[in-house]
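Residue numbers (the numbering used here): 106 to 376. Input: a single structure, listed below in structure tokens.
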């Protein structure tokens with residue numbers, strides 16, 4: 106499965122002939138039981154009935170494996186123990202067998218069924234799938250929810266951008282008379298544009314601060330739908346701020362630029 110061993114070692118063929126039983130634990134179990142101590146060499150007693158063994162022998166920990174999410178990407182890793190069935194010389198009631206190969210499952214199905222039948226003809230081989238299919242099925246519901254959430258978030262961002270542009274553009278357009286008077290009195294066009302954009306961005310910054318405060322207060326509502334990204338993702342927040350600020354800058358600059366290019370006499374006459 107490619108799960109890394111972060112401390113100690115993996116199982117070895119010599120373990121099958123060892124008198125003492127050995128086990129590998131995951132990081133969560135090591136932290137929960139030994140609380141920061143080195144788990145290598147520690148002993149624990151797994152329930153033998155859970156995997157078909159008749160005894161509840163003590164096992165020596167020989168390695169620590171990286172945590173994996175066995176029950177779905179939305180669930181936190183639990184405590185796990187890895188045992189060698191070859192060392193216990195037992196077979197559990199049911200088993201998932203994983204093969205590493207470059208061939209598709211359909212090309213191997215007949216061979217796998219024949220090999221299993223040679224071992225025990227009564228054992229059925231069911232649900233032969235590649236790992237991509239297993240992973241896709243495990244994240245199907247979270248992915249659908251994330252796609253819906255992303256779609257609505259995109260629509261919300263688009264509406265926010267349209268609303269920001271419309272409000273700021275209207276505010277600046279209403280100041281055409283003021284712009285005309287200031288230019289007629291000798292104000293420099295660039296200074297007028299800079300001041301209007303500054304005032305528009307001040308309104309935008311106030312709205313961004315209020316919006317971020319509300320978003321950070323409610324971000325725990327979507328934390329269960331996220332994997333590999335935090336609810337307060339820095340890149341996402343930065344992207345939203347850049348989009349809204351850019352729209353606000355355009356909404357403030359474009360109407361002001363148009364008003365500044367019109368002859369002040371025409372503006373004042375129309376007013």
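Virtual Cβ for every residue (Gly too), placed ideally from N, Cα, C. Since the model is a prediction, treat every value here as computed from it, not as a measurement.
CA-to-CA distance, residue j to residue i, given in whole angstroms
| i | j | result |
| --- | --- | --- |
| residue 189 | residue 121 | 8 Å |
| residue 170 | residue 202 | 19 Å |
| residue 166 | residue 197 | 21 Å |
| residue 112 | residue 193 | 23 Å |
| residue 295 | residue 352 | 20 Å |
| residue 97 | residue 231 | With the chain covering only 106 through 376, there is no way to say anything about residue 97. |
| residue 150 | residue 164 | 6 Å |
| residue 175 | residue 343 | 33 Å |
| residue 152 | residue 337 | 41 Å |
| residue 281 | residue 310 | 23 Å |
| residue 252 | residue 106 | 28 Å |
| residue 317 | residue 269 | 16 Å |
| residue 209 | residue 220 | 17 Å |
| residue 132 | residue 181 | 12 Å |
| residue 222 | residue 199 | 15 Å |
| residue 363 | residue 236 | 59 Å |
| residue 195 | residue 224 | 14 Å |
| residue 254 | residue 137 | 35 Å |
| residue 109 | residue 314 | 43 Å |
| residue 191 | residue 141 | 31 Å |
Three-state secondary structure (DSSP) of residue i
| i | result |
| --- | --- |
| residue 233 | coil |
| residue 303 | helix |
| residue 145 | coil |
| residue 193 | helix |
| residue 253 | helix |
| residue 293 | coil |
| residue 165 | strand |
| residue 265 | helix |
| residue 317 | helix |
| residue 135 | helix |
| residue 259 | helix |
| residue 112 | strand |
Cβ-based neighbour list, residue i, same chain, cut-off 7 Å, excluding 5 preceding and 5 following
| i | result |
| --- | --- |
| residue 262 | 345, 348 |
8 Å Cβ shell around residue i - same chain, five flanking residues per side excluded
| i | result |
| --- | --- |
| residue 246 | none |
| residue 297 | 284, 287, 288, 361, 365 |
Integer-rounded CB distance, given that residue j should sit under 8 Å from residue i
| i | j | result |
| --- | --- | --- |
| residue 273 | residue 312 | Not really, about 10 Å apart at Cβ, beyond 8 Å. |
| residue 186 | residue 134 | 7 Å |
Residue i versus the options, residue with shortest Cα-Cα distance
| i | options | result |
| --- | --- | --- |
| residue 179 | 185, 244, 215 | 244 |
| residue 234 | 265, 319, 205, 172 | 205 |
| residue 358 | 323, 291, 284, 321 | 284 |
| residue 277 | 356, 286, 142 | 356 |
| residue 288 | 223, 361, 339 | 361 |
| residue 147 | 161, 128, 279 | 128 |
| residue 265 | 350, 131, 366, 184 | 350 |
Close beta carbons around residue i, own chain, < 6 Å, minus the five adjacent residues each side
| i | result |
| --- | --- |
| residue 214 | 233 |
| residue 114 | 167, 168 |
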